[in-house]
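Student: Sending over a structure as structure tokens; questions will come in a sec.
There are 2 protein chains.
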Amino acid sequence: MKILPLIRFFEPLLPLEKHEIAELEQRLIFRKIKRKQFLLAEGEICKHYYFVIQGCFKMFKADPSGKEHNLLFAIENQWISDIGSFHTENPSQLFIEALEEGEVIQLAKADLIHFYTVFPKFNRVFRVMIEDQFVELQNRLLQTFSSTAEERYEAFLNDHPELIQRLPNTQIASYIGITPEFLSRIRHQIASK
Amino acid sequence: MKILPLIRFFEPLLPLEKHEIAELEQRLIFRKIKRKQFLLAEGEICKHYYFVIQGCFKMFKADPSGKEHNLLFAIENQWISDIGSFHTENPSQLFIEALEEGEVIQLAKADLIHFYTVFPKFNRVFRVMIEDQFVELQNRLLQTFSSTAEERYEAFLNDHPELIQRLPNTQIASYIGITPEFLSRIRHQIASK
DNA sequence: AAAAAGTCTTAAACCAGTTTAAGAAAATGG
DNA sequence: CCATTTTCTTAAACTGGTTTAAGACTTTTT
Numbered sequence: 129m130k131i132l133p134l135i136r137f138f139e140p141l142l143p144l145e146k147h148e149i150a151e152l153e154q155r156l157i158f159r160k161i162k163r164k165q166f167l168l169a170e171g172e173i174c175k176h177y178y179f180v181i182q183g184c185f186k187m188f189k190a191d192p193s194g195k196e197h198n199l200l201f202a203i204e205n206q207w208i209s210d211i212g213s214f215h216t217e218n219p220s221q222l223f224i225e226a227l228e229e230g231e232v233i234q235l236a237k238a239d240l241i242h243f244y245t246v247f248p249k250f251n252r253v254f255r256v257m258i259e260d261q262f263v264e265l266q267n268r269l270l271q272t273f274s275s276t277a278e279e280r281y282e283a284f285l286n287d288h289p290e291l292i293q294r295l296p297n298t299q300i301a302s303y304i305g306i307t308p309e310f311l312s313r314i315r316h317q318i319a320s321k
Numbered sequence: 129m130k131i132l133p134l135i136r137f138f139e140p141l142l143p144l145e146k147h148e149i150a151e152l153e154q155r156l157i158f159r160k161i162k163r164k165q166f167l168l169a170e171g172e173i174c175k176h177y178y179f180v181i182q183g184c185f186k187m188f189k190a191d192p193s194g195k196e197h198n199l200l201f202a203i204e205n206q207w208i209s210d211i212g213s214f215h216t217e218n219p220s221q222l223f224i225e226a227l228e229e230g231e232v233i234q235l236a237k238a239d240l241i242h243f244y245t246v247f248p249k250f251n252r253v254f255r256v257m258i259e260d261q262f263v264e265l266q267n268r269l270l271q272t273f274s275s276t277a278e279e280r281y282e283a284f285l286n287d288h289p290e291l292i293q294r295l296p297n298t299q300i301a302s303y304i305g306i307t308p309e310f311l312s313r314i315r316h317q318i319a320s321k
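Going line by line, the protein sequences match chains R and V.
For what it's worth, the numbering used here labels the leading residue of the first sequence as 129, then goes sequentially.
For what it's worth, the numbering used here labels the leading residue of the second sequence as 129, then goes sequentially.
Written out as structure tokens, the structure reads:
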């Protein structure tokens with residue numbers, strides 16, 4: 129019953145009955161993912177939501193000069209997807225890549241729509257997920273306008289303590305919008321206080 | 129029948145029948161708004177979506193030092209609201225202020241939920257609105273990470289031609305995340321090419 | 001176990017954007 | 001229509017963050 133973590137994720141918002149769980153189990157797909165494997169690449173239409181059973185993933189954009197800019201990390205019991213591409217069915221500008229070996233549950237759009245109609249409560253769960261990510265994005269944009277890199281780094285440490293042992297600093301630097309060299313300087317400054 | 133612009137807005141996604149229009153008309157509230165009047169202030173819970181009939185509005189955050197950072201503009205036939213605060217019912221960190229004299233239609237949360245249940249198609253319209261704004265926010269964040277101020281200014285001119293005659297440059301500078309002085313220098317540089 | 005790839009740090013030179021200040025022009029309010 | 005507020009610009013000094021380069025260390029791959 130590998131679906132258990134997902135049932136537990138839904139539980140607080142949406143307790144599921146046995147036949148609903150059976151239906152979920154039937155339609156979802158499990159995938160083992162290797163380090164550096166991509167779940168989505170630029171130019172593709174994002175056709176799935178991914179729920180992380182095990183592992184750590186990043187979603188990023190590669191700019192014309194090849195630099196990567198991280199938008200989102202996802203670890204166990206979190207969802208990751210290019211929501212824009214998924215819903216509009218336009219080609220994505222983003223990549224989703226595994227930073228560690230892991231396992232995900234894949235939910236295709238047709239199945240999500242099926243669940244929307246059969247279990248209307250699903251609508252709410254996914255709307256709340258979009259709203260939460262929306263608020264997070266908005267706060268990050270405001271933060272990049274109004275805070276220094278040091279403040280953004282300390283906010284990251286505060287907001288994502290579970291990620292700091294797990295991610296290399298290069299990935300954190302890319303997430304807060306600075307170079308790894310400058311992050312190194314910031315860490316030195318903080319340490320010598 | 130002052131509600132006409134709103135009917136026209138819904139038309140392509142959601143053609144409404146007479147009794148539905150009558151119901152809308154009954155529940156919506158019209159408000160005349162003066163220049164510099166606030167529709168939302170920091171600390172308040174955002175209780176409405178606003179549809180602009182006439183005028184120009186900005187949503188911004190005031191940082192601790194008092195500087196303003198613009199997140200969104202809305203003109204005729206566009207919606208404006210702090211989506212995060214509206215849905216979570218947490219106090220907003222944002223202000224919504226009129227840049228010109230104007231008029232809006234106010235839609236309260238209770239009425240939105242009423243419309244969701246009575247006309248289920250409303251769900252989709254508002255979900256698409258959130259998704260569109262989500263994508264726009266994501267692109268802006270990526271742009272601030274990967275582009276220069278000059279590129280961001282030129283993207284703004286390109287993406288919002290209807291706003292450039294209407295907004296003072298100070299407001300545009302705040303939207304793209306730079307000082308008015310630096311925008312002035314950029315404009316000089318562009319002109320002398 | 002060796003080779004290869006990725007990570008972290010330091011430091012100097014550099015640059016994009018800010019700050020401060022100040023004056024002229026334009027728009028708004030009473 | 002006069003007074004006030006807002007807007008726009010220029011310019012010099014400054015600063016937060018980048019770039020380039022290089023060396024030591026760690027992790028991953030074979």
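Glycine included, each C-beta is placed from N, C-alpha and C at the ideal position.
State yes or no: is the C-beta of V:Asn205 within less than 8 Å of the C-beta of V:Phe137?
Tutor: The sequence position of residue 205 of chain V within the second sequence is 77, counting from 1. The sequence position of residue 137 of chain V within the second sequence is 9, counting from 1. Yes, Cβ-Cβ distance for V:Asn205 and V:Phe137 is below 8 Å.
Student: Following the continuous beta strand (DSSP E) through V:Ala169, name the residue where it begins and the one where it ends.
Tutor: The sequence position of residue 169 of chain V within the second sequence is 41, counting from 1. Counting along the chain, V:Ala169 falls outside any beta strand (DSSP E), and DSSP gives it neither H nor E.
Student: Starting from V:Glu290, follow the beta strand (DSSP E) in both directions and report where the run begins and ends.
Tutor: The residue you call residue 290 of chain V lines up with position 162 of the second sequence. Premise fails: V:Glu290 lies in the alpha helix (DSSP H), Pro289 to Ile292, not in any beta strand (DSSP E).
Student: Can you tell me whether R:Glu225 is helix, strand or coil according to DSSP?
Tutor: Locating residue 225 of chain R in the first sequence gives position 97, counting from the first residue. R:Glu225 falls in the strand class under three-state DSSP.
Student: Does the count of Cβ pairs from the segment 214-232 of chain V and the segment 164-182 of chain V closer than 8 Å reach three?
Tutor: yes
Student: List the residues of chain R whose Cβ lies closer than 8 Å to the Cβ of V:Arg268, in chain order.
Tutor: By 1-based counting over the second sequence, the position of residue 268 of chain V is 140. By Cβ distance, chain R contributes Leu269.
Student: Confirm, please, whether the CB-CB distance from V:Cys184 to V:Phe201 is below 8 Å.
Tutor: Taking the first residue of the second sequence as position 1, residue 201 of chain V is located at position 73. Taking the first residue of the second sequence as position 1, residue 184 of chain V is located at position 56. Yes. Within cutoff.
Student: R:Phe262 CB to nearest chain V CB: under 8 Å?
Tutor: Numbered from 1 along the first sequence, position 134 holds the residue referred to as residue 262 of chain R. Interface residue, yes.
Student: How far does the beta strand (DSSP E) with R:Asn218 in it extend, from its first residue to its last?
Tutor: In the first sequence, counting from the first residue as 1, residue 218 of chain R sits at position 90. Careful: R:Asn218 lies outside any beta strand (DSSP E) and carries neither H nor E.
Student: Using a C-beta cutoff of 8 Å, does V:Ile241 count as contacting chain R?
Tutor: As a first step, residue 241 of chain V is located in the second sequence; it is residue number 113 there, counting from the start. With 8 Å as the cut-off, V:Ile241 does not count as an interface residue toward chain R.
Student: Give the single residue among V:Leu152, V:Asp210, V:Arg155 and V:Asp260 whose Cα lies nearest to the Cα of V:Gln221.
Tutor: Counted from its first residue, the second sequence places residue 221 of chain V at position 93. The option with the nearest alpha carbon to V:Gln221 is V:Asp210.
Student: Grouping DSSP H, G and I as helix and E and B as strand, with all else coil, what is R:Leu156?
Tutor: Indexing the first sequence from 1 puts residue 156 of chain R at position 28. R:Leu156: coil per DSSP, three-state reduction.
Student: Examine the Cβ distances between the segment 241-249 of chain R and the segment 258-268 of chain R and report whether three or more of them are shorter than 8 Å.
Tutor: Judged by Cβ distances under 8 Å, the segment 241-249 of chain R makes no contact with the segment 258-268 of chain R, as fewer than three pairs qualify.
Student: Just mark R:Gly230 as buried or exposed, buried being the case when its beta carbon has 16 or more other beta carbons within 10 Å.
Tutor: Taking the first sequence and counting its residues from 1, the one referred to as residue 230 of chain R is at position 102. By the 10 Å Cβ count, R:Gly230 comes out buried.
Student: Which first and last residues belong to the beta strand (DSSP E) in which R:Asn198 is found?
Tutor: On the first sequence, position 70 is the one that residue 198 of chain R refers to. Note, R:Asn198: beta strand (DSSP E), Glu196 to Ala202.
Student: My output table needs one value for R:Phe273: the three-state DSSP class, helix, strand or coil.
Tutor: One-based indexing of the first sequence puts residue 273 of chain R at position 145. It is helical.
Student: Is the segment 296-307 of chain V touching the segment 296-305 of chain R in the sense that three or more CB pairs, one from each, lie closer than 8 Å?
Tutor: no
Student: At the level of alpha carbons, what is the spacing between R:Val232 and R:Ala190?
Tutor: For this step, residue 232 of chain R is matched to residue 104 along the first sequence. For this step, residue 190 of chain R is matched to residue 62 along the first sequence. Taking the straight line joining both Cα atoms gives about 23 Å.
Student: Counting only C-beta atoms, is V:His316 closer than 8 Å to chain R at any point?
Tutor: Residue mapping note: residue 316 of chain V aligns to position 188 of the second sequence, counting from 1. False, the Cβ-Cβ gap to chain R never drops below 8 Å.
Student: Does R:Ile101 pass the burial test, meaning 16 or more other C-beta atoms within 10 Å, or should it be called exposed?
Tutor: Any question about residue 101 of chain R goes unanswered here, given that chain R covers just 129 to 321.
Student: So that I know if they touch, is there some Cβ in chain R lying closer than 8 Å to that of V:Glu259?
Tutor: Here the question's residue 259 of chain V lines up with position 131 in the second sequence. It does: the Cβ of V:Glu259 has a partner Cβ on chain R nearer than 8 Å.
Student: What does R:Lys195 touch in chain V if you count any residue whose Cβ is under 8 Å from its own?
Tutor: Residue mapping note: residue 195 of chain R aligns to position 67 of the first sequence, counting from 1. Ordered by position in chain V, the residues that pass the 8 Å Cβ test against R:Lys195 are Ser274.
Student: By the DSSP assignment, the alpha helix (DSSP H) with R:Ile135 in it spans what residues?
Tutor: Taking the first sequence and counting its residues from 1, one reaches residue 135 of chain R at position 7. Its alpha helix (DSSP H) spans residues Leu132 to Phe138.
Student: Relative to chain V, which residues along the segment 223-254 of chain R have a C-beta separation below 8 Å, given in chain order?
Tutor: Those residues of the segment 223-254 of chain R that come within reach of chain V (Cβ to Cβ, closer than 8 Å) are Asn251.
Student: Using DSSP's beta-bridge definition, name the partner residues of R:Ile235.
Tutor: What you label residue 235 of chain R is simply residue 107 of the first sequence in a count that begins at 1. Ile is not the amino acid found at residue 235 of chain R; the sequence shown has Leu there. R:Leu235 pairs with R:Tyr177.
Student: Per DSSP, which one or two residues make a beta bridge with V:Ala190?
Tutor: In the second sequence, counting from the first residue as 1, residue 190 of chain V sits at position 62. V:Ala190 is bridged to V:Glu196.
Student: In whole angstroms, what separates the C-alpha of R:Leu269 from that of V:Leu269?
Tutor: The residue labelled residue 269 of chain R in the question sits at position 141 within the first sequence. The residue labelled residue 269 of chain V in the question sits at position 141 within the second sequence. Each residue's Cα considered, the two are about 6 Å apart.
Student: Give me the residue from V:Pro140, V:Arg294, V:Tyr303 and V:Glu290 with the minimum Cα distance to V:Tyr281.
Tutor: For the purposes of this step, residue 281 of chain V is identified with residue 153 of the second sequence, where counting begins at 1. Nearest of V:Pro140, V:Arg294, V:Tyr303 and V:Glu290 to V:Tyr281, Cα basis: V:Tyr303.
Student: Does the separation of the CB atoms of V:Ile224 and V:Met187 fall below 8 Å?
Tutor: Translated into the one-based positions of the second sequence, residue 224 of chain V becomes position 96. Translated into the one-based positions of the second sequence, residue 187 of chain V becomes position 59. Their beta carbons are under 8 Å apart, which means V:Ile224 touches V:Met187 by this criterion.
Student: If I measure Cβ to Cβ from R:Glu196 and keep anything under 6 Å in the same chain, skipping five residues before and after, which residues do I get?
Tutor: Position 68 of the first sequence holds residue 196 of chain R. Same-chain partners within the cutoff: Phe188, Ala190 and Ser302.
Student: Is the beta carbon of R:Ile149 less than 8 Å from the beta carbon of R:Ile135?
Tutor: Taking the first residue of the first sequence as position 1, residue 149 of chain R is located at position 21. Taking the first residue of the first sequence as position 1, residue 135 of chain R is located at position 7. Taking C-beta atoms as the reference points, R:Ile149 and R:Ile135 count as a pair closer than 8 Å.
Student: Of all Cβ atoms in chain R, is any one closer than 8 Å to the Cβ of V:Ile211?
Tutor: Here residue 211 of chain V refers to the residue found at position 83 of the second sequence. Chain R, which has a Cβ nearer than 8 Å to the Cβ of V:Ile211, makes this yes.
Student: What are the boundary residues of the alpha helix (DSSP H) that includes R:Pro308?
Tutor: Stepping through the first sequence from its first residue, residue 308 of chain R is reached at position 180. It spans Pro308 to Ala319 - the alpha helix (DSSP H) in which R:Pro308 sits, taken as one unbroken run.
Student: In three-state terms, what does DSSP make of V:Phe324?
Tutor: An answer regarding residue 324 of chain V cannot be provided, because it is not within the stretch 129 to 321 covered by chain V.
Student: So, does the CB of R:Asp191 fall closer than 8 Å to a CB anywhere in chain V?
Tutor: Here residue 191 of chain R is taken as the residue at index 63 of the first sequence, counted from 1. Closer than 8 Å to some Cβ of chain V, the Cβ of R:Asp191 qualifies, so yes.
Student: Could you check the C-alpha separation between V:Glu151 and V:Leu235 for me, to the nearest Å?
Tutor: Here residue 151 of chain V is taken as the residue at index 23 of the second sequence, counted from 1. Here residue 235 of chain V is taken as the residue at index 107 of the second sequence, counted from 1. When only Cα atoms are considered, V:Glu151 and V:Leu235 end up about 12 Å apart.
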